[in-house]
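Asker: In our numbering, the protein residues as written are 354 to 598.
Heads up, the beta-carbon is just placed ideally off N, CA and C, and yes, glycines get one too.
The model shown is predicted, which means the values in this text are computed figures rather than measured ones.
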Amino acid sequence: MTELMMFLFFIIAFLTIVIGTVAGFGTSTIFLPIALLFVDFKTALVLVAISHISGNLGATAFFRHGLDKRLIMLFGVPSIILTILGAYLVTYIPQNILQVILGSFLLVFSVYSLLKPDFRVSASKTNTIFGGSLSGFLQGLLGIGGPLRGAFLISYNLDKFKYIATLAAIAVIIDATRIPIYFLNNLLEPQFYYYVPFLAVIGIVGSYSGKRIVQKIPQKIFKKIVLVGIALASLLLIYGSLNLF
354 MTELMMFLFF IIAFLTIVIG TVAGFGTSTI FLPIALLFVD FKTALVLVAI
404 SHISGNLGAT AFFRHGLDKR LIMLFGVPSI ILTILGAYLV TYIPQNILQV
454 ILGSFLLVFS VYSLLKPDFR VSASKTNTIF GGSLSGFLQG LLGIGGPLRG
504 AFLISYNLDK FKYIATLAAI AVIIDATRIP IYFLNNLLEP QFYYYVPFLA
554 VIGIVGSYSG KRIVQKIPQK IFKKIVLVGI ALASLLLIYG SLNLF
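1. From Ser475, Ile497, Val464 and Lys469, pick the residue whose C-alpha is nearest to that of Leu455; which is it?
2. Residue ranges of each alpha helix (DSSP H) run of no fewer than 4 residues wholly in the region 474 to 510, ordered along the chain?
3. Within 10 Å of its beta-carbon, does Val399 have 16 or more other beta-carbons around it, so buried, or fewer, so exposed?
4. Pick helix, strand or coil for Gly377, following the three-state DSSP scheme.
5. Could you have a look at Glu542 and say whether DSSP puts it in helix, strand or coil?
6. Pick out the complete beta strand (DSSP E) segments inside the region 367 to 427, 3 residues or longer, and give them in chain order.
7. Report the rounded CA-to-CA distance for Gly593 versus Gly582, giving the unit in angstroms.
8. Whole angstroms are fine: how far does the CA of Gly485 sit from the CA of Ser404?
9. Can the beta-carbon of Val525 be found less than 9 Å from the beta-carbon of Val375?
10. Just to confirm my understanding: we take Lys515, look at its own chain, exclude 5 residues before and 5 after, and list those with CB closer than 7 Å. What are they?
11. Within the region 511 to 590, note down every full alpha helix (DSSP H) run reaching 4 residues or more, in order along the chain.
12. How big is the Cα-Cα spacing for Asp393 and Gly503?
13. Among Phe416, Ala402, Ser463 and Phe362, which one has its Cα closest to the Cα of Ser560?
14. Contact check, Ser587 vs Ser463 under 8 Å by CB: the rounded distance?
15. Note down, in chain order, each residue of its chain lying with its Cβ closer than 6 Å to the Cβ of Ser440, except the 5 sequence neighbours on either side.
16. Pull up the distance between the alpha-carbon of Ala476 and that of Tyr509, whole angstroms please.
17. For Lys569 and Ile446, I'd like the C-alpha separation in whole angstroms.
18. Take Gly411 as the anchor and find which of Ile523, Asp471 and Thr479 has the nearest alpha-carbon.
19. Can you check whether the CB of Leu491 is closer than 9 Å to the CB of Leu506?
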């Protein structure tokens with residue numbers, strides 16, 4: 354990768370972290386397809402995961418007053434278990450088919466929710482555990498689980514600070530589980546190791562910038578922004594999967 358391409362790579366990482374902080378997800382969904390223009394899938398998976406965890410560590414700290422421990426436990430514990438399974442299956446299951454299915458589901462959900470503003474999923478223990486399990490599995494397998502977590506939690510009508518803080522904390526738990534597995538499986542070549550500290554710093558700065566934006570967005574508009582973000586993320590997933598065929 355040339356110096357210019359590396360600079361562009363880091364700029365894109367910063368922008369996607371800002372967007373991801375505002376929406377509560379999206380860093381991986383947006384960054385991963387773009388990263389594939391620079392590096393191969395396995396390398397992109399690890400580098401995007403590094404920027405993802407650093408951005409979410411920042412968001413967890415900056416929005417810590419909104420943390421919901423119950424949701425974190427119900428979402429986080431099953432996410433950890435299923436993330437491990439998904440991370441180990443990376444080399445065995447075709448990503449394109451799963452991306453099409455996930456993208457189609459999220460597109461239908463987001464459009465329906467925008468047309469029916471009163472629609473919400475019951476914040477039951479069963480729904481929360483199911484959402485955590487499925488999003489964790491997809492995060493480990495595809496490097497993308499945030500839009501699904503966002504879809505579940507935004508339908509609970511959480512306020513924007515609780516929504517972002519809870520999503521960020523769950524994402525940190527999942528990333529801390531899958532990243533060591535990626536390194537143990539040698540998915541990142543040594544020549545890319547020096548990217549890690551740069552992405553870590555970019556994640557903190559990007560999440561802080563996102564926080565400043567969120568503070569200025571009214572709650573009602575915030576939910577619509579998240580739903581539009583989910584719709585765009587679903588289109589990116591579908592488009593990205595077509596390139597993998």
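Answerer: On the basis of the coordinates in this document:
1. Residue mapping note: residue 455 aligns to position 102 of the sequence shown, counting from 1. Ranking the options by Cα distance to Leu455, first place goes to Ile497.
2. 478 to 495 and 499 to 507
3. By 1-based counting over the sequence shown, the position of residue 399 is 46. Classification for Val399: buried.
4. As a working note, residue 377 is residue 24 in the sequence shown. Gly377 falls in the coil class under three-state DSSP.
5. Locating residue 542 in the sequence shown gives position 189, counting from the first residue. Reduced to three states, the DSSP call for Glu542 is coil.
6. none
7. Against the sequence shown, residue 593 aligns to sequence position 240. Against the sequence shown, residue 582 aligns to sequence position 229. Roughly 16 Å between the two C-alpha positions.
8. Residue numbering aside, residue 404 sits at position 51 when the sequence shown is read from its first letter. Residue numbering aside, residue 485 sits at position 132 when the sequence shown is read from its first letter. C-alpha separation (whole angstroms): 21 Å.
9. Taking the sequence shown and counting its residues from 1, the one referred to as residue 525 is at position 172. Taking the sequence shown and counting its residues from 1, the one referred to as residue 375 is at position 22. No, these two residues do not count as a Cβ contact at 9 Å.
10. Locating residue 515 in the sequence shown gives position 162, counting from the first residue. Cβ neighbours of Lys515 beyond the five flanking positions: Gly419 and Asp421.
11. 513 to 537 and 548 to 567
12. The residue labelled residue 393 in the question sits at position 40 within the sequence shown. The residue labelled residue 503 in the question sits at position 150 within the sequence shown. Cα to Cα, Asp393 sits roughly 27 Å from Gly503.
13. On the sequence shown, residue 560 is found 207 positions in, with the first residue counted as 1. Measuring from the Cα of Ser560, the nearest candidate turns out to be Phe416.
14. For the purposes of this step, residue 587 is taken as the residue at position 234 of the sequence shown. For the purposes of this step, residue 463 is taken as the residue at position 110 of the sequence shown. That pair is a contact at about 7 Å.
15. Here residue 440 is taken as the residue at index 87 of the sequence shown, counted from 1. Note that residue 440 is Ala in the sequence shown here, rather than Ser. So the list reads Gly493, Arg531 and Ile534, once near-sequence residues are dropped.
16. Within the sequence shown, numbered from 1, the residue matching residue 476 stands at position 123. Within the sequence shown, numbered from 1, the residue matching residue 509 stands at position 156. Each residue's alpha carbon lies about 6 Å from the other.
17. Within the sequence shown, residue 569 is the residue found at index 216, counting from 1. Within the sequence shown, residue 446 is the residue found at index 93, counting from 1. Cα to Cα, Lys569 sits roughly 42 Å from Ile446.
18. For the purposes of this step, residue 411 is taken as residue 58 along the sequence shown, with counting starting at 1. Comparing Cα positions, the closest option is Ile523.
19. On the sequence shown, position 153 is the one that residue 506 refers to. On the sequence shown, position 138 is the one that residue 491 refers to. Contact flag unset, no.
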